[in-house]
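K.L.:
Using this note's numbering, read the sequence shown as starting at 738 and increasing by one per residue.
Yeah, the Cβ is synthetic: ideal placement off N, Cα and C, and Gly gets one too.
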Amino acid sequence: MERIVREGDLTQQIDISGNDEIGRLAASFAALVEKLREVPRSLRESVEALSEQVTRLDRAAREQNERVARQAAALQEAQVTAQEIRQTSLIAAEKAHSVLGAAQRADEVGRSGENALTQSLNELEEILSHVDAISRTMTELGESTARIAGITGVVKDLADQSNMLALNAAIEAVRSGEHGRGFAVVAREIRSLANQSIKATQRVHENLEGIRLNAARAVSITEQGSRGIAANLTRVRGSGESLRELGTIARGNAHAVREIAAAVGQQNAGIDQVFSAVRDLSSSMTDLVQLIEQSTDSVRELGSVSARIGGIVSQFRV
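1. Apart from the five residues on each side of it in sequence, which residues of its chain come closer than 6 Å, Cβ to Cβ, to Arg823?
2. I need the straight-line Cα distance from Gln813 to Ala991, nearest angstrom please.
3. On a CA-only basis, which of Met875, Ala1044, Ile1029 and Gly838 is nearest Gln801? Give me that one, please.
4. Within 10 Å of its beta-carbon, does Ile828 have 16 or more other beta-carbons around it, so buried, or fewer, so exposed?
5. Exposed or buried, which one is Thr825 when buried takes at least 16 other CB atoms within 10 Å?
6. Rank Ser934, Glu978, Thr889 and Ser963 by C-alpha distance to the C-alpha of Glu946 and give the top, closest one.
7. For Ser866, which residues from the same chain have a beta carbon less than 7 Å from its beta carbon, with the 5 sequence-adjacent residues on both sides left out?
8. Of the choices Ser1041, Ser979 and Gln1010, whose alpha-carbon is the least far from that of Gly850?
9. Report the option in Asn852, Arg873, Ser788 and Ala806 whose CA atom is closest to the CA atom of Arg954.
10. Alpha carbons only, please: which of Val891, Ala798 and Ile927 is nearest the one belonging to Ala906?
11. Taking a contact to mean a Cβ-Cβ separation below 8 Å, would you say Leu861 touches Gly977 in this structure?
12. Measure the alpha-carbon distance for Asp1017 versus Arg988 and round it to whole angstroms.
13. In angstroms with no decimal places, state the Cα-to-Cα distance between Gly962 and Ser929.
14. Inspect the beta-carbon positions of His834 and Ala998 and report whether they are closer than 8 Å.
15. Does the contact criterion of 3 or more C-beta pairs under 8 Å hold for the region 869-887 versus the region 935-945?
Right, dumping it as structure tokens:
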């Protein structure tokens, strides 16, 4: 019994030789030792099974930790990528709004240009109308001067005839002698007036011819100006059509840019949601890694406890 207590050797057999109190005590102790033999054996089996499970748990925890760590790293990269995409999308949104502003300004400038061009067309048409009126007036002036020149020609012819008649009358007065002296004076006066009329009609004819030539040149110049204005008017109309087409295109582009800006805004909202989800998932993954590390520490602590129990059990021989 001393060896059993001292060395924990439960293989020792207890000698039961008497039926007295010591013998009965020895029998009771022997029964206790027999039951104690089952305890270390059961503990050893449990410790071995526990050690095996601890080993498996530790291996599984390490593998899980490695997988989760890789997933956390990949998720971190995904978060960085999502942040870059989010930043790029924000830049795209800013550029889209800038382009939208430029398109709107282009539309406004185009509308102003169309209005200014329409006003220019109206003014050119009015100028062309005035030039045509001037041309018609100058043509009529030329025709009027031609008619007046014809009248002055008739007046000159009459003056020439009066001059010839006065000359003939003067000759007859000379032939009449003293009786034709008064008639000669009248003939000289008529001849003088006829000569003055001839000179005046010549000056009027020259002035009218100058007016006619100037009117003809003015008509030619106004016709050239009218043709030039008409050509410019045609070009301006063509420019107006082109400007209107550009305005239509600019308005279409502005509408398209508005749709793009709206789509980019929706995309930004979606990217923000994705970024928030990835960030939350990354945070959850970090917490999971910490929990796995804590679980690994607990498994290792359990292994250490199992080892200590195994050391205690090994002190008994059964």
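P.N.:
On the basis of the data shown:
1. Ile1008 and Phe1012
2. 39 Å
3. Ile1029
4. exposed
5. exposed
6. Thr889
7. none
8. Ser979
9. Arg873
10. Ile927
11. no
12. 43 Å
13. 49 Å
14. yes
15. yes
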